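> Right, I'll just put the structure down here and ask away after.
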Amino acid sequence: MSPTHKNPQTLKWQAMSRDHHLAPFSDYQQLIDVGPRIITKGEGVYVWDSEGNKILDGMAGLWCAAVGYGRHELAEAAAAQMRELPFYNTFFMTAHPPVLELAKVIAEIAPPGMNHVFFTGSGSEGNDTMLRMVRHYWACKGQPNKKVIISRVNGYHGSTVAGASLGGMKYMHEQGDLPIPGIVHIPQPYWFGEGGEMSPDEFGIWAAEQLEAKILEVGVENVAAFIAEPIQGAGGVIVPPETYWPKIREILAKYDILFVADEVICGFGRTGEWFGSDYYGNQPDLMTIAKGLTSGYIPMGGLIVSDKVFDVIKGAGDFNHGFTYSGHPVAAAVALENIRILREEKILETVRAETAPYLQKRLRELLDHPLVGEVRGVGMLGAIELVKDKATRTRYEGKGVGMICRGHCFNNGLIMRAVGDTMIIAPPLVISKAEIDELVTKARLCLDLTLQDLQG
Ligand SMILES: Cc1ncc(COP(=O)(O)O)c(C=O)c1O
Numbered sequence: 000m001s002p003t004h005k006n007p008q009t010l011k012w013q014a015m016s017r018d019h020h021l022a023p024f025s026d027y028q029q030l031i032d033v034g035p036r037i038i039t040k041g042e043g044v045y046v047w048d049s050e051g052n053k054i055l056d057g058m059a060g061l062w063c064a065a066v067g068y069g070r071h072e073l074a075e076a077a078a079a080q081m082r083e084l085p086f087y088n089t090f091f092m093t094a095h096p097p098v099l100e101l102a103k104v105i106a107e108i109a110p111p112g113m114n115h116v117f118f119t120g121s122g123s124e125g126n127d128t129m130l131r132m133v134r135h136y137w138a139c140k141g142q143p144n145k146k147v148i149i150s151r152v153n154g155y156h157g158s159t160v161a162g163a164s165l166g167g168m169k170y171m172h173e174q175g176d177l178p179i180p181g182i183v184h185i186p187q188p189y190w191f192g193e194g195g196e197m198s199p200d201e202f203g204i205w206a207a208e209q210l211e212a213k214i215l216e217v218g219v220e221n222v223a224a225f226i227a228e229p230i231q232g233a234g235g236v237i238v239p240p241e242t243y244w245p246k247i248r249e250i251l252a253k254y255d256i257l258f259v260a261d262e263v264i265c266g267f268g269r270t271g272e273w274f275g276s277d278y279y280g281n282q283p284d285l286m287t288i289a290k291g292l293t294s295g296y297i298p299m300g301g302l303i304v305s306d307k308v309f310d311v312i313k314g315a316g317d318f319n320h321g322f323t324y325s326g327h328p329v330a331a332a333v334a335l336e337n338i339r340i341l342r343e344e345k346i347l348e349t350v351r352a353e354t355a356p357y358l359q360k361r362l363r364e365l366l367d368h369p370l371v372g373e374v375r376g377v378g379m380l381g382a383i384e385l386v387k388d389k390a391t392r393t394r395y396e397g398k399g400v401g402m403i404c405r406g407h408c409f410n411n412g413l414i415m416r417a418v419g420d421t422m423i424i425a426p427p428l429v430i431s432k433a434e435i436d437e438l439v440t441k442a443r444l445c446l447d448l449t450l451q452d453l454q455g
C-alpha cells in the first residue's frame, strides 16, 4: 500500500478505476498514474473521501447539490415513487402523476409566459431538444431556412454532439469534427481576460454588439436563435459587465430570432432568484434546466418552453423527439421534493438576503492577496482570478497556477475548481455564514501555499 493511503480499500477502488472506468473529461494516463480521489459520503456542505478526509464542497458536486447533501426527504421521495411506479414512459399519449405535477410546479416558478416543459435526462439533452425544437418552430412558421444558432465562445452547453457544438470550447471542437453545421459563435463578455484597454462597460457593449454583427453577417432570415448562459459557469464564472444584458435585449428586440437561456447552472436559486434570467430581467423564449432541478440527487434535465413557441408547434403534428427517460417518475418525484424544500425552507430568500451578500463580501476580502487580480460573483457563484501582475492582468504563463491551487485546496479540505488560472466556486445554496468563513479562510491558506510554490 502506498504510504499516502490509510485505507487499503482506496487502492482497490483505484485499481478498478485504472482497469475499467472511463471517466468524463479525464486524461486516462494521468488517472492510471495518480488514481482518482474516491468520494464516499456527503452531508450538508461537506463530502468525505475514502481516506476519511472531510472536505468543504465549494462546487456543490458539479453545481448540483443546491439543498446540500444527505437530505433524507429526497431519498424517501425516490423510494416511495419506486415502490409505487418505478418507471413508465411519457410517449404515445401516456403520462404519470409525478411528471405532470412537476411540469405544473416548474411553470409556477418560471418567468411569466413560460408554461410548458419538455423533460430530458440531462442538460446536454435539454440543449439537443432545444436545437430541434427551435428549427421545428421556424419550419412550422413557414421559415425553414431559419436554422442557424448563435452561441458564444467559451460557453458550455453540454457534451452531446449538439451540446458540444453549441458550446464554445475549442478543445471540445477539436475532437470529433465539431461544431456541426448551422452553429456559429461570437465572443464572450469576459472583461478580465479579454477586455484589453476598454472599461468593463465599454467592453460589455462591444461584446453585445457582436451579436448584432453576427446576425447581419449570417442574415436574419437564416438565424433561428441565440443561446447563452446568464452567467457562464464552466467557462470560469464569467459575470458579464452591467451593460451587456441590456444591450443584448435591445438587439434581440430588433430582430425576429428566439432567445434561449441555458439555466443549467443559474437555475433553481443559484443567483438568489429562481432563474438567472430573473436576476438580469431577461425574457427568454426557451430555458434549458438540469442540475439544481433535483439538486443532482438523480439525473434530470429539461427545456422550459414559452407559450409563444408552444402555440406555434402545438398544431403541427408530432414533435418527433424524446428520450426513454423523459420525465422519469422517480426523477420527477425527487425534483418535486427538492423544489418543495427550496420553497418551504425559504432557501432562495436566505441566499438573497443573507448568505450570498456575505459570501460576496468575504470573497472580495481576498483581493488584498498578491496572487488575486479580480474577485467577482453573483449569488452563490464566485470566481478568483490568479495573476502575476494585478495592474496589467498578466498571468503566470505555463505554470498551471490554477491546478496548483486546486491541489492545495483538495489537500486542505476545500473543493474549488480551476478553469485555467481562474478559481471558481458554487457551494450548496444552504451554506451557512460560519461555513462561508471556513471556505474563505481555507481559500486564503491555499492562495498562500500556491504563492509559496511559485516563489520557491
Ligand atoms: C450551462 C450548462 N449547460 C449544459 C450543461 C450540460 O449538462 P449535462 O452535463 O447534465 O448534460 C452543463 C453542464 O455542466 C452546463 O453547465
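The sequence shown: position 367 = 366 (numbering that gives the first Met the number 0), numbered continuously.
Where a beta carbon is used, it is the ideal one built from N, C-alpha and C, also for glycine.
Since we're looking at a predicted model, the values are computed, not measured.
What do you get for Ile-31, buried or exposed, if any count of 16 or more other CB atoms within 10 angstroms of its CB means buried?
In the sequence shown, the residue the question calls residue 31 occupies position 32. Exposed is the call here.
> Can you look up Ala-425 in the DSSP assignment and give me helix, strand or coil?
The residue labelled residue 425 in the question sits at position 426 within the sequence shown. Ala-425: coil per DSSP, three-state reduction.
> In the DSSP assignment, find the unbroken alpha helix (DSSP H) run with Ala-59 in it and report its ends.
Counting from 1 along the sequence shown, the entry for residue 59 is found at position 60. For Ala-59, the uninterrupted alpha helix (DSSP H) segment begins and ends at 59-62.
> For Ile-288 and Leu-302, I'd like the C-alpha separation in whole angstroms.
Residue numbering aside, residue 288 sits at position 289 when the sequence shown is read from its first letter. Residue numbering aside, residue 302 sits at position 303 when the sequence shown is read from its first letter. If I take the Cα positions, the gap works out to 6 Å.
> For the pair the stretch 115-134 and the stretch 357-369, tell me if three or more CB-CB distances fall below 8 Å.
no
> Within 10 angstroms of its Cβ, does Met-415 collect 16 or more other Cβ (buried), or is it exposed?
Reading the sequence shown from its first residue, position 416 is the one you call residue 415. When all chains shown are included, Met-415 counts as buried.
> Would DSSP call Arg-151 helix, strand or coil?
Here residue 151 refers to the residue found at position 152 when the sequence shown is read from its first residue. Note: Arg-151 maps to strand in three-state DSSP.
> Three-state secondary structure (DSSP) at Leu-84?
Within the sequence shown, numbered from 1, the residue matching residue 84 stands at position 85. Coil.
> If you scan the stretch 71-153 from start to end, which runs of the alpha helix (DSSP H) of 4 or more residues do you find wholly inside it?
Within the stretch 71-153, the complete alpha helix (DSSP H) runs of at least 4 residues are 71-83, 96-108, 122-139.
> Of all the options Cys-408, Val-333, Cys-404, which has the alpha carbon lying nearest to the alpha carbon of Ala-65?
Here residue 65 corresponds to residue number 66 of the sequence shown, with the count starting at 1. The residue from Cys-408, Val-333, Cys-404 with its alpha-carbon nearest to that of Ala-65 is Val-333.
> Do Ile-149 and Ser-164 count as a contact pair if the criterion is CB distance below 8 Å?
Residue mapping note: residue 164 aligns to position 165 of the sequence shown, counting from 1. Residue mapping note: residue 149 aligns to position 150 of the sequence shown, counting from 1. No, the Cβ-Cβ distance between Ser-164 and Ile-149 is not below 8 Å.
> Can you tell me which residues form a DSSP beta bridge with Ala-355?
The count along the sequence shown starts at 1 and reaches residue 355 at position 356. BP columns for Ala-355 are empty, so no partner.
> Between Gly-181, Gly-154, Lys-103, which lies nearest to Tyr-170 when the distance is taken from Cα to Cα?
In the sequence shown, counting from the first residue as 1, residue 170 sits at position 171. Comparing Cα positions, the closest option is Gly-154.
> Output yes or no for whether 8 Å exceeds the beta carbon distance between Gly-372 and Arg-351.
For the purposes of this step, residue 372 is taken as residue 373 along the sequence shown, with counting starting at 1. For the purposes of this step, residue 351 is taken as residue 352 along the sequence shown, with counting starting at 1. Taking 8 Å as the cut-off, the beta carbon of Gly-372 is found no closer than this to the beta carbon of Arg-351.
> Helix, strand or coil: how does DSSP classify Glu-216 here?
In the sequence shown, counting from the first residue as 1, residue 216 sits at position 217. Looking at Glu-216 - three-state DSSP - the assignment turns out to be helix.
> If you reduce the DSSP assignment to three classes, tell me which class His-407 lands in.
Within the sequence shown, numbered from 1, the residue matching residue 407 stands at position 408. In the structure shown, His-407 sits in a helix (DSSP, three-state: H, G or I).
> Look up Asp-306 in the DSSP assignment and say whether it is helix, strand or coil.
Within the sequence shown, the letter at position 307 stands for residue 306. Of the three classes helix, strand and coil, the one that applies to Asp-306 here is helix, per DSSP.
> Tell me the DSSP secondary structure of Tyr-467 in three-state form.
Because the chain in this structure spans residues 0 to 455, residue 467 falls outside the shown range and cannot be described.
> Please state whether DSSP places Gln-480 in a helix, a strand or coil.
Shown here, the chain extends from 0 to 455; a query on residue 480 therefore has no answer.
> Determine the burial state of Phe-90: buried for a count of at least 16 other Cβ atoms within 10 Å of its Cβ, exposed for fewer.
Here residue 90 corresponds to residue number 91 of the sequence shown, with the count starting at 1. The residue is exposed, with fewer than 16 neighbouring Cβ atoms inside 10 Å.
> Note the first and the last residue of the continuous beta strand (DSSP E) segment covering Lys-53.
Position 54 of the sequence shown, counting from 1, holds the residue named residue 53. First-last of the beta strand (DSSP E) with Lys-53: 53-56.
> Could you check whether the Cβ of Ile-264 sits closer than 7 Å to any heavy atom belonging to ligand 1?
Stepping through the sequence shown from its first residue, residue 264 is reached at position 265. Yes, ligand 1 has a heavy atom inside 7 Å of this Cβ.
> Can you round the beta-carbon distance between Gly-57 and Leu-413 to whole angstroms, since I take them to be within the 8 Å contact cut?
Along the sequence shown, read from residue 1 onward, the residue named residue 57 stands at position 58. Along the sequence shown, read from residue 1 onward, the residue named residue 413 stands at position 414. Taking a contact as a CB-CB distance under 8 Å, the pair Gly-57 and Leu-413 counts as one, their CB atoms being some 6 Å apart.
> Counting C-beta neighbours from all protein chains within 10 Å, is the total for Val-219 16 or more, i.e. buried, or is it exposed?
In the sequence shown, residue 219 corresponds to position 220, counting from 1. When all chains shown are included, Val-219 counts as exposed.
> List the residues that DSSP assigns as beta-bridge partners of Lys-11.
Mapped onto the sequence shown, residue 11 falls at position 12. Paired residues: none, contrary to the question.
> Assign Glu-262 to buried or exposed, taking buried as 16 or more other Cβ atoms, counted over all protein chains shown, within 10 Å of its Cβ.
The residue labelled residue 262 in the question sits at position 263 within the sequence shown. Under this definition Glu-262 is a buried residue.
> If you count every other CB in all the chains shown that lies within 10 Å of the CB of Gln-451, and 16 or more means buried, which is it?
As a first step, residue 451 is located in the sequence shown; it is residue number 452 there, counting from the start. Its Cβ having fewer than 16 others within 10 Å, Gln-451 is exposed.
> With 16 other CB atoms within 10 Å as the buried threshold, where does Gly-51 fall?
In the sequence shown, counting from the first residue as 1, residue 51 sits at position 52. Classification for Gly-51: exposed.
> Go ahead and label Phe-513 buried or exposed: buried means 16 or more other beta carbons lie within 10 angstroms of its beta carbon, across all protein chains shown.
There is no way to answer for residue 513, as the model of the chain reaches only from 0 to 455.
> Can you tell which of Gly-141, Lys-140, Lys-146, Gly-397 has the C-alpha that lies nearest to the C-alpha of Arg-134?
Position 135 of the sequence shown, counted from the first residue, corresponds to residue 134. Looking at the Cα atoms, Lys-146 is the closest of the given residues.
> Could you tell me the alpha carbon to alpha carbon distance between Gly-120 and Leu-453, rounded to whole angstroms?
By one-based count along the sequence shown, residue 120 stands at place 121. By one-based count along the sequence shown, residue 453 stands at place 454. Whole-angstrom Cα-Cα distance: 43 Å.
> With 16 other CB atoms within 10 Å as the buried threshold, where does Asn-144 fall?
Residue 144 sits at position 145 when you count from the first residue of the sequence shown. Flag for Asn-144 reads exposed.
> Tell me the rounded alpha-carbon separation between Asp-317 and Glu-228.
Working through the sequence shown from its first residue, we reach residue 317 at position 318. Working through the sequence shown from its first residue, we reach residue 228 at position 229. Rounded to the nearest angstrom, the two C-alpha atoms are 29 Å apart.
> Based on Cα-Cα distance, which residue from Lys-345, Ala-330, Gly-181, Ser-431 lies nearest to Met-81?
Position 82 of the sequence shown, counted from the first residue, corresponds to residue 81. With distances taken between Cα atoms, Met-81 lies closest to Ala-330.
> Using a Cβ-based criterion (distance less than 7 Å to any ligand heavy atom), does Asp-56 qualify as near ligand 1?
Taking the sequence shown and counting its residues from 1, the one referred to as residue 56 is at position 57. Asp-56 Cβ: outside cutoff for every heavy atom of ligand 1.
> Grab me the residues of Gln-142's own chain with a C-beta within less than 8 Å of its C-beta, minus the 5 sequence neighbours each way, in chain order.
Within the sequence shown, numbered from 1, the residue matching residue 142 stands at position 143. So the list reads Glu-220, once near-sequence residues are dropped.
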